[in-house]
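Chains as they are written, first to last, in the working numbering: chain A, 219 to 330; chain B, 31 to 144.
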């Protein structure tokens, strides 16, 4: 079964800092990886999807990288803002290819 | 609003009662998924539909759980004889085959079983 681990579990940074969230997965035979944001008590918002043939994907201040061979992905957030405070989740397809396997997330707090 | 919608947003019920949740996917999406999320955990997969066919079910989906997607449009998730352990956020997602299966989630239904 695909296992997904996210480090750190929680992170607190002052506004303006650049930061990196880490995601690792056990089975490298994936065809994509998705990063999500979740605000407390809310649903998930898709941030970025990286196809297996890509190494990076960018959206605004967010940049996600994927290294399939090592089973790792990183989400880089530039110039963090208090509005970035949320839980960030990464997910990879299961062996069946349809269901997503999620990590437990990284809880981010950006202080003014 | 063209996103995934779920109803109700919150449900409080007593142990032993039946509950039903509804999900309306993004209109052109032919794949629909149900997940369950408990506090401090990532979502866990429950079941998946392609059009009206239920193609995959997790071992988490006990006999008390049933899901349908008549006509390949909206979906319902029913829990019979609810237990306190069923308290969780139930999330619905949809995707379009051919879009690298990028999944888009609804706001969720928060279930509390007393």
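By construction, the Cβ of each residue, glycine as well, lies at the ideal position given by its N, Cα and C atoms.
What residues in its chain sit with their C-beta under 8 Å from that of residue 277/A, if we drop five residues either side in the sequence?
Sequence index remark: in the first chain, residue 277/A carries index 59 (1-based). Same-chain partners within the cutoff: 265, 266.
Identify every run of the beta strand (DSSP E) within the segment 259–290 of chain A, keeping only runs that are complete inside it and at least 3 residues long; order them along the chain.
Fully enclosed beta strand (DSSP E) runs of 3 or longer: 262–269, 274–277, 280–285.
Counting C-beta neighbours from all protein chains within 10 Å, is the total for residue 250/A 16 or more, i.e. buried, or is it exposed?
Along the first chain, read from residue 1 onward, the residue named residue 250/A stands at position 32. Buried, by the Cβ-count rule.
Can you check the segment 35–84 of chain B for any beta strand (DSSP E) of at least 3 residues that lies completely inside it and give the ranges in chain order?
List check, beta strand (DSSP E) in window: 35–37, 40–43, 49–54, 61–67, 74–80.
Buried or exposed by the 16-neighbour rule on C-beta atoms within 10 Å, applied to residue 17/B:
Summary: the structure shown does not reach residue 17/B, with chain B confined to residues 31 through 144, and so no result is reported for it.
Neighbourhood of residue 242/A by C-beta distance below 7 Å, restricted to the same chain and skipping five residues each side:
Locating residue 242/A in the first chain gives position 24, counting from the first residue. For residue 242/A, where only same-chain residues beyond five positions count, the Cβ hits under 7 Å are 223, 289, 290.
Three or more C-beta pairs below 8 Å linking the segment 62–80 of chain B and the segment 113–129 of chain B
Contact holds between the segment 62–80 of chain B and the segment 113–129 of chain B, because three or more Cβ pairs, one in each stretch, are under 8 Å apart.
Since residue 292/A and residue 236/A should fall inside the 8 Å C-beta cutoff, what is the C-beta to C-beta distance between them, to a whole number of angstroms?
Position 74 of the first chain, counting from 1, holds the residue named residue 292/A. Position 18 of the first chain, counting from 1, holds the residue named residue 236/A. About 12 Å separates the two Cβ atoms, so there is no contact after all.
Please name the residues in the segment 252–269 of chain A whose beta-carbon is closer than 8 Å to at least one beta-carbon of chain B, in chain order.
Within the segment 252–269 of chain A, the residues whose Cβ lies closer than 8 Å to some Cβ of chain B are 252, 254, 259, 260, 261, 262, 263, 264, 267, 269, listed in chain order.
Is DSSP giving residue 137/B helix, strand or coil here?
What you label residue 137/B is simply residue 107 of the second chain in a count that begins at 1. The answer is coil: DSSP assigns residue 137/B none of H, G, I, E or B.
Looking at C-alpha atoms only, which residue of 81/B, 40/B, 56/B is the closest neighbour of residue 118/B?
Walking along the second chain from the start, residue 118/B turns up at place 88. It is 40/B whose Cα lies nearest to the Cα of residue 118/B.
The segment 303–320 of chain A touching the segment 33–47 of chain B, judged by at least three CB pairs closer than 8 Å
As far as the Cβ criterion goes, the segment 303–320 of chain A does not touch the segment 33–47 of chain B, which means the pair count is below three.
Own chain residues within Cβ distance below 7 Å of residue 273/A, not counting five before or after:
Here residue 273/A is taken as the residue at index 55 of the first chain, counted from 1. Taking residue 273/A as the centre and dropping the five residues before and after it, the same chain places the C-beta of 283, 284 closer than 7 Å to its C-beta, in chain order.
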